[in-house]
Each structure stands twice: as C-alpha cells, then as structure tokens.
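Remarks on the structure that follows.
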Ligand code: DQA
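Residue numbers (my numbering): 150 to 295.
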C-alpha cells in the first residue's frame, strides 16, 4: 500500500521562508519524517512538491488507487477549484495539512476549497502535522480491515 504526500507552492523554500511562521525545518526534513512514519505503518511513500497548480492536479490524479493523500496545497488551498475538483474526481482519501494555524492568520486563509472534500484537517503543529496525518490515515485503514 502506498501513501502520497503532496506539497504545493513555495514549500520547496521551507527552512528559509518566513521561519517565524513556518519553522526552520526544510522540505527534506518533512520528507524524512514522512518516510519514517510510513515505514512504521508498512506503507510505501510518494513524496512530491510543485509550484504549479496544474501539476498538483496531475499529482492528485496519479494518486488514484493509493491508500490516501496528505495534502498541503499551500496557497492553492484558498484559491483552487481545480485542486478540489481533482480530489472529488479521483475519490481520494485526503488529509489536509498546514504547518501554521491558518485560522490565527489573515482572513483570506480561513477559507479552504479543500476542507469540504477532505477526510480531515490538521493545522498549526508545524511538520509534526504530517506525521499526525499519516498516523490518522493508517489507523483509518486499520479500522477498515477489522
Ligand atoms: C500553509 C498555509 C497557507 O495559507 C500558505 O499559503 C502556505 C502554507 C501552511 O502550511 O501553513 O503556503 O499551507
């Protein structure tokens, strides 16, 4: 079983990008944490990042048939009907993740096109949120197997 962790625009700059908001961990650190979590659950991992909206749509389509997707769509969270439509079209089990607590920030970050089509949402716990999302997906899989 394989899980996809997909990251949107500017997350390639993690570590140096507004560290007071997003912390000092890099995207490579996030990938290492995700890989460790997936290994614990016996899951394969596809880990990707893109700055392009259409490419994110393609990555979501390519995740069809996977056990689930941990998605930090970054700014596209707040703007992209296309990303939300891709999740619906492919019938993906998505956990929406944000490093920062978007609800404690500007009003334009309070709306998400992803949340209505997500299984759940984790925000505000930094890179720990990715691990929490993987654990949540893995335990929902375990429940299904009972
Ligand atoms: C983010 C929050 C978004 O509002 C922002 O556009 C990002 C990162 C987060 O992880 O906290 O790029 O998704």
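Yeah, the Cβ is synthetic: ideal placement off N, Cα and C, and Gly gets one too.
In this structure, residue 221 sits away from residue 161, with a CB-CB distance that is not shorter than 9 Å.
Given a length threshold of 3 residues, each whole run of the beta strand (DSSP E) inside the stretch 267 to 295 is given here in chain order: 269 to 272. Per DSSP, residue 197 lies in no alpha helix (DSSP H) segment; the continuous beta strand (DSSP E) that holds it begins and ends at 193 to 198. Counting along the chain, residue 203 sits inside the alpha helix (DSSP H) bounded by residues 202 to 211. Taking 9 Å as the cut-off, the Cβ atoms of residue 227 and residue 190 do not count as close. Membership of residue 219 in the beta strand (DSSP E) is indicated by the continuous run 217 to 221.
Per DSSP, residue 241 is not a residue of any beta strand (DSSP E), being assigned neither H nor E. Assignment of residue 163 by DSSP, reduced to helix, strand and coil, places it in the coil class. With contact defined as three or more Cβ pairs closer than 8 Å, the stretch 200 to 209 and the stretch 178 to 187 are not in contact. Looking at 287, 163, 253, the one whose alpha-carbon comes closest to that of residue 244 is 287. Within its own chain, the residues whose Cβ lies closer than 6 Å to the Cβ of residue 150, once the five positions on either side in sequence are excluded, are 192, 216, listed in chain order.
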